[in-house]
Amino acid sequence: MTRRRLETEGLEFGGGLEVLLAAAFEGLAVGERLEVVTSSRSTALELHGWARVAGHQPVGERSPPGGPYAVEVERGPFARVLAGRLPARTSGPPLRGGELHTADLRSPGDVPASADAGSGFAPLGAVAEVGAPAFRWTFNERDAIWADDVAELAEQASAGQWDASRDIPWDAARGLPDFMERAVSQVMTFIAQNEYAALYVPAGFIAHVNPRYHEMLMWLAGHVHDEARHIEVFTKRSLIGGQSSYALASTELSLHTLLEEPDFSGAALLLNVLGEGTFLDLLRFVERHAPDAATRAAAALAHRDEVRHVHFGISHVRRRIAADPAQAAVLVDAAERRAAKLTQMSGLSPLLSDGLTVMAAGSLQPAELSTGAAAVRGLMQAMEVNRIRRLQAAGFALGTARHLSDLHTPNLM
Amino acid sequence: MSRADAGVRVGAVAYHPRIVTIWETFLEHFEREGLPTDYILYSNYERLVAAVLEGDVEIGWHTNTAFVALEQELGGEGRILGMRDVDAEFATVIVTRRGEAFDDVRGLAGKRLALGSRDSGHAAILPLHYLAEQGLDAASECELVRFDTDLGKHGDTGDSELRVIRAVSEGEADAGAIGETTLAAFRAELVPAASGLEVAWRSPTYYHCNFTALPSFDGDLAERWQAALLAMSYDDPTMRQAMTLEGVKRWLPGDRSGYDALAKAMAGGSQGT
């Protein structure tokens, strides 16, 4: 056997010696011997116990009076970690102008088509030790959840964070007349109510997604975070004028069915493409007709986030249908099942349409109200046109897209 | 099959709740090896030894002190079925504050020496024995600072040794005796009291725990049980955690050559005062 030598000088146990020893023994083959040399008699005495606890075998020692002292240790057969060797070091992921993007951590080809349902929280690139308890993830197939640009979208989400306390000119929302405050508060309450579902749906999926799909977790977590801020900002806007509003039962009914969709793609269609897609038009309308800068800013910032969510939904559904055309029918089924549960809903809540009309009118004068009502009709029309366009972008044929749009909830989300 | 029908019952002392984790895992191993085994826990080694002698269990997982006591009561030799790798080369160290180590055991004369539980082979009985062999009657020449916690558990809990190093670290004692694997564990856990200490003396090596059966235990069964024990692997992910808790990386067949010093110490009553 080869004999190697490790000079430890005056390094002591508890003072860093263990680190030096571990590194030295890691580089040895099983059975190889290392002579550990120390100027400290105490360290030499303690080396025996350290070696045996580490699974190595002290095989000899030299302790001349006055030192230096040497203990010869044979490397034991046990690995410190029950896993294969770490892969060789690479040059690491590329940077984009100094920025390290999630999309550059691994190439799309390295995202596994399926992942072990029992695998745990090994971070991207880590070598998992065996012997960990088995998890039971539900979503273990890439194609069931993936979107090709999910990493880029997650990146945009973290880059686009904003602060609902500081980034809104809240002072500007004070002092609206009662009729207008009541209208704005009702619309804000309606939006906030819907944003709860937009939070709970992705949040419900997070804990079931296999952690091997790192980029998807980053995306979903960002989605949830976005929605938390939306709830926050619209709740704040509904309250700042001191005016309370109604949380409508019909809205609850619609959102309740949204939470019942167990399939990831089904939820992506119903929430991201149809619900949040329709909300894009609503938020743009609110932004355009807001009576104050605070409401305008809240709608504009939320709109920016919702664009990402809708983009994800379209990207995912399109990929899913492209990979498996039979999925189109499955997704239509999901929309039809939901619509069947919503037959008792008759249309957009009058409280909401009233609020939107007043916002667009700017007063309770008949002429302005007429203009406002026309604007709301225009909104409904734009919602439908854009819904169909988005559904087509998601991979549905025009006829199917029209059908799905017709099935969409009168609650908008 | 119910565990109550297991062919072999092993007695062990419940010095920590982890003993249940350890034995529940070990039983799965024996089951896989085709040798269904059950375990029975006792609160102290005196009861375990009595249980082995009375045949309540076939095998006892004994400390060295319990093993010697068993043989003394038996008036004959027990049958050793296995021990941990660390048991075959155990040693006691005496620690001092850094810079206060002594070169010769005579340097301890007149000093305060902290010891662990008086029924602990490694933290009390054997250090006194070996110091005496090397020319220091610590019981009369040192001021002994004893930490007799968890009596009956023979030092297994490590509590008395933690008190020993704290006493040295805080200046209530000048030196303290603990097992060298205990010191290694304190170092690995970054126990603060250990950081300012160094080893001044290391005892000759001796044996620690072993699995013991009475001579009347079926020889064939004994061999098969030993083979099953030795087949346990630290590289088996289902066993690694339990083996780590038990402080073993490899089981050895064991033999009786490393208990003479302790037998002599216990027969001579060199447990000090």
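First to last, the sequence lines map onto chains C and Z. Going by this note's numbering, the first sequence opens with residue 87, and the numbers climb by one from there. Going by this note's numbering, the second sequence opens with residue 6, and the numbers climb by one from there. The beta carbon of each residue, even a glycine, is placed where N, CA and C say it ideally should be. Quick caveat: nothing in here was measured; it's all calculated off a predicted structure.
Handout entry: For Ser200/C, the residue or residues it bridges with in DSSP
Key = Glu227/C.
Handout entry: Which residues DSSP lists as bridging His67/Z, in chain order
Key = Asn215/Z, per the DSSP bridge assignment.
Handout entry: Close beta carbons around Ile45/Z, own chain, < 8 Å, minus the five adjacent residues each side
Key = So the qualifying residues of the chain are Arg14, Val15, Gly16, Ala17, Ala56, Asp61, Val62.
Practice task
Kindly say whether Leu188/Z, judged by its beta-carbon, lies nearer than 8 Å to any beta-carbon of chain C.
Solution key: True, the Cβ-Cβ gap to chain C drops below 8 Å.
Exercise for the section: Below 9 Å between beta carbons is the criterion; list the residues of the segment 113-144 of chain Z that meet it against any residue of chain C, in chain order. Expected result: Listed in sequence order: no entries.
Practice task
May I ask you to list the residues that DSSP assigns as paired with Arg148/C?
Solution key: According to DSSP, which records beta bridges pairwise, Arg148/C is partnered with Ala156/C.
Practice task
Check whether the Cβ of Val418/C lies closer than 8 Å to any Cβ atom in chain Z.
Solution key: Output row for Val418/C: interface = no.
Problem - Chain-ordered neighbours of Asp240/Z on chain C, where CB pairs are closer than 9 Å - result: Residues of chain C with a Cβ closer than 9 Å to the Cβ of Asp240/Z are, in chain order, Pro163, Phe164, Ala165, Leu168.
Handout entry: Cβ neighbour criterion (16 or more within 10 Å) applied to Gly126/Z
Key = Gly126/Z is buried by the Cβ-count criterion.
Problem - Separation of Ser165/Z from Ala106/Z, as counted between CA atoms - result: Between Ala106/Z and Ser165/Z, the C-alpha separation is close to 21 Å.
Handout entry: Reference Thr26/Z; option with closest CA among Gly112/Z, Ala232/Z, Gln246/Z, Glu138/Z
Key = Ranking Gly112/Z, Ala232/Z, Gln246/Z, Glu138/Z by CA distance to the CA of Thr26/Z puts Gln246/Z first.
Exercise for the section: May I ask you to list, following chain order, the residues of the segment 132-146 of chain C that have a beta carbon less than 7 Å from some beta carbon of chain Z? Expected result: Answer set for the segment 132-146 of chain C: Glu132, His134, Gly135, Trp136, Arg138, Val139, Gly141.
Practice task
Taking Ala108/C as part of the alpha helix (DSSP H), name the residues at either end of that continuous run.
Solution key: For Ala108/C, the enclosing alpha helix (DSSP H) starts and ends at 103-112.
Problem - Ala205/Z: contacting residues in chain C (beta-carbon distance under 9 Å) - result: Arg127, Ser128, Leu131, listed in chain order.
Exercise for the section: Determine, using beta carbons only, whether Ala218/Z comes closer than 8 Å to chain C. Expected result: Taking 8 Å as the CB threshold, Ala218/Z stays off the interface with chain C.
Exercise for the section: Below 7 Å CB to CB, which residues in the same chain sit around Val73/Z once its five sequence neighbours on both sides are set aside? Expected result: So the list reads Tyr264, Leu267, Ala268, Met271, once near-sequence residues are dropped.
Practice task
For Arg111/Z, count neighbouring Cβ atoms within 10 angstroms of its own Cβ and tell me buried if that reaches 16, exposed if not.
Solution key: Exposure of Arg111/Z is indicated by the presence of fewer than 16 other C-beta atoms within 10 angstroms of its C-beta.
Practice task
For chain Z, find out if any of its Cβ atoms is closer than 8 Å to the Cβ of Glu93/C; answer yes or no.
Solution key: Residue contact with chain Z for Glu93/C: absent (no Cβ-Cβ distance below 8 Å to any residue of chain Z).
Exercise for the section: From the DSSP output, in three-state form, read off Met248/Z for me. Expected result: DSSP places Met248/Z within a helical segment (H, G or I) once states are collapsed to three.
Practice task
Could you check if Glu59/Z is buried or exposed, using at least 16 other CB atoms within 10 Å of its CB as the buried criterion?
Solution key: Under this definition Glu59/Z is an exposed residue.
Handout entry: Glu118/C in three-state terms, based on DSSP
Key = DSSP, read as helix, strand or coil, puts Glu118/C in coil.
Exercise for the section: Could you tell me whether the Cβ of Arg89/Z comes closer than 8 Å to any Cβ of chain C? Expected result: For Arg89/Z, no CB of chain C lies under 8 Å from its own CB, so it is not counted at the interface with that chain.
Practice task
Compute the distance between the beta-carbons of Val169/Z and Ala128/Z, then report whether it is under 8 Å.
Solution key: The Cβ atoms of Val169/Z and Ala128/Z lie closer than 8 Å to each other.
Practice task
Run the CB neighbour count on Val116/C, radius 10 Å, all protein chains shown included, and call it buried at 16 or more, exposed below.
Solution key: Looking at its Cβ environment, which holds fewer than 16 other Cβ atoms inside 10 Å, Val116/C is exposed.
Handout entry: Minimum C-alpha distance to Trp223/C - residue among Leu172/C, Leu210/C, Gly206/C
Key = Selected option, being the one with the closest Cα: Gly206/C.
Exercise for the section: Have a look at Ala114/Z and Gly121/Z and give me their C-alpha separation to the nearest angstrom. Expected result: A direct Cα-Cα distance of roughly 19 Å separates Ala114/Z from Gly121/Z.
Handout entry: Collapsed DSSP secondary structure at Thr457/C in the structure displayed
Key = Reduced to three states, the DSSP call for Thr457/C is helix.
Practice task
For Gln143/C, name the three-state secondary structure that DSSP assigns.
Solution key: Here Gln143/C carries a strand assignment [DSSP, helix/strand/coil].
Practice task
May I have the straight-line CA-CA distance separating Tyr145/Z from Gly170/C, to the nearest angstrom?
Solution key: Note that residue 145/Z is Ser in the sequence shown here, rather than Tyr. Answer to the nearest angstrom: the Cα atoms are 56 Å apart.
Exercise for the section: Return no unless some Cβ of chain C is closer than 8 Å to the Cβ of Ser200/Z. Expected result: With 8 Å as the cut-off, Ser200/Z counts as an interface residue toward chain C.
Problem - Within chain Z, the residues that Val216/C reaches when beta carbons sit closer than 8 Å - result: Here the neighbours are Pro242.
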